[in-house]
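S.K.: The structure under discussion is supplied below as structure tokens; questions concerning it will follow.
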Amino acid sequence: MLSRDEDILKAAEDWRKDGRGVALATVMETWGSAPRPVGSNLVIDAEGNFLGSVSGGCVEGAVVAEAMDVIEDGKPRMLEFGVADETAWKVGLSCGGTIRVYVEKVS
Amino acid sequence: MKIDILHELNAERAARRAVVVVTDVASGTQRLVKFADIAKDPLHNVIEKHVRMGKSGMEETTQGRFFLTVHVPSPQLVITGAVHISQALAPIGQMLGYDVTIVDPRTAFASVERFPDIKVIAEWPDVALPPLNVDHYTAFVALTHDPKIDDPALKHALSRECFYIGALGSRKTHAKRVERLKAAGINDRDIARIHAPIGLAIGAVSPAEIAVAIMGEITATLRLKAEKAEAA
Chain A
1137 MLSRDEDILK
1147 AAEDWRKDGR
1157 GVALATVMET
1167 WGSAPRPVGS
1177 NLVIDAEGNF
1187 LGSVSGGCVE
1197 GAVVAEAMDV
1207 IEDGKPRMLE
1217 FGVADETAWK
1227 VGLSCGGTIR
1237 VYVEKVS
Chain B
5 MKIDILHELN
15 AERAARRAVV
25 VVTDVASGTQ
35 RLVKFADIAK
45 DPLHNVIEKH
55 VRMGKSGMEE
65 TTQGRFFLTV
75 HVPSPQLVIT
85 GAVHISQALA
95 PIGQMLGYDV
105 TIVDPRTAFA
115 SVERFPDIKV
125 IAEWPDVALP
135 PLNVDHYTAF
145 VALTHDPKID
155 DPALKHALSR
165 ECFYIGALGS
175 RKTHAKRVER
185 LKAAGINDRD
195 IARIHAPIGL
205 AIGAVSPAEI
215 AVAIMGEITA
225 TLRLKAEKAE
235 AA
């Protein structure tokens, strides 16, 4: 993707260098109508501050919550959101698509 | 992601060089592949394809599932000549996502009225071009028909790794240009990099149609493999 967005990866690096616990979320796969393209990033710190987006607002809350655990235990996770997954996740994408978001710790 | 990979990634992006992070989804292991090192990477085929398209994505390979995070600089379009064709070419370039700059020392041409919302530099190429960071992600187009302006600009573009260089003019005009550039010490290999006559052969007549032909040729050069772009 073209590097025109606000600089999320630079923020991730700066936040980590400030000594904050940081996780990086990346949209890795999409099916159907998805609000943000593959490669979109969300950076989250241990306080729950975040920058960027992986869905345009629908699932950021759940990603931020999961990121807390990732920062805690350091293990990357693949999260899936979508209409097919309503039971597993209380949040879904209003546009009807499915996305997979990879959440990893910046260490 | 390890902080040293993130740091290197940001440094490559800041330097306007393409860079890829390869993530093994099953294990979480990652590596950074710089543009210059793509050919040496075991996944070079898929990486090369993703970089050309400027798209991140998942790849299933015999070695497992890998996510390629692709970062390519935003392309820029540098034009010499604030001429009629440029009035169409600049907005088309912007629509396609290019940062567009027009260089023309003739202030009567390089006016804001003629080019609203476009960066126009009313300077000679030797002053205007060096700060523009003309690089691999730059398409350079010479449109003035004036050797005093186009020739030094073309020499500058040839000294960089621009993915596209084009120059306006008939075969006869270009033959004279080639003579001048050769006399100035430019080698045949570099001269062959200049697309002239400029643009795809779509029978363009009006300035706007010529702009479409030029932008089509730039897009083909950016997105197709070299041999297919030549055939376009």
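Quick mapping for you: the protein sequence lines, in order, are chains A and B.
Each residue of the first sequence is one higher than the last, beginning at 1137 in my numbering.
Each residue of the second sequence is one higher than the last, beginning at 5 in my numbering.
Just so it is clear, CB atoms sit at the ideal spot from N, CA and C, and this is done for glycine as well.
Can you find a CB in chain A that lies within less than 9 Å of the CB of residue 7 (chain B)?
M.R.: Chain A contact via Cβ: present.
S.K.: Going by the DSSP bridge assignment, what does residue 1177 (chain A) pair with across the sheet?
M.R.: Partner(s): A:1162.
S.K.: Reducing DSSP to helix, strand and coil, say where residue 175 (chain B) ends up.
M.R.: DSSP places residue 175 (chain B) in helix when its eight states are reduced to three.
S.K.: At a cut of 8 Å, does the stretch 128–145 of chain B reach the stretch 166–175 of chain B through at least three beta carbon pairs?
M.R.: Yes: at least three Cβ pairs fall under 8 Å.
S.K.: Along chain B, which residues have their Cβ under 7 Å away from the Cβ of residue 1212 (chain A)?
M.R.: In chain order: 32.
S.K.: Say whether chain A places a C-beta atom closer than 9 Å to the C-beta of residue 227 (chain B).
M.R.: With 9 Å as the cut-off, residue 227 (chain B) does not count as an interface residue toward chain A.
S.K.: Under 9 Å between the Cβ atoms of residue 62 (chain B) and residue 72 (chain B)?
M.R.: Result yes, Cβ atoms of residue 62 (chain B) and residue 72 (chain B) sit closer than 9 Å.
S.K.: Pull up the CB-CB distance for residue 126 (chain B) and residue 109 (chain B), whole angstroms please, since I reckon it's below 8 Å.
M.R.: That pair is a contact at about 6 Å.
S.K.: Using a Cβ-Cβ cut-off of 8 Å (strictly less than) and excluding sequence neighbours within five positions of residue 1138 (chain A), which residues of its own chain qualify?
M.R.: Any reading at residue 1138 (chain A) is ruled out, since the residue's pLDDT is 38, under 50, leaving its predicted position unreliable.
S.K.: With 16 other CB atoms within 10 Å as the buried threshold, where does residue 1238 (chain A) fall?
M.R.: Buried, because 16 or more other Cβ atoms sit within 10 Å of the Cβ of residue 1238 (chain A).
S.K.: Taking the alpha-carbon positions, what's the residue 1180 (chain A) to residue 1151 (chain A) distance?
M.R.: C-alpha separation (whole angstroms): 9 Å.
S.K.: Using only CA atoms, which one of B:96, B:82, B:141, B:29 lies nearest to residue 19 (chain B)?
M.R.: Ranking B:96, B:82, B:141, B:29 by Cα distance to residue 19 (chain B) puts B:141 first.
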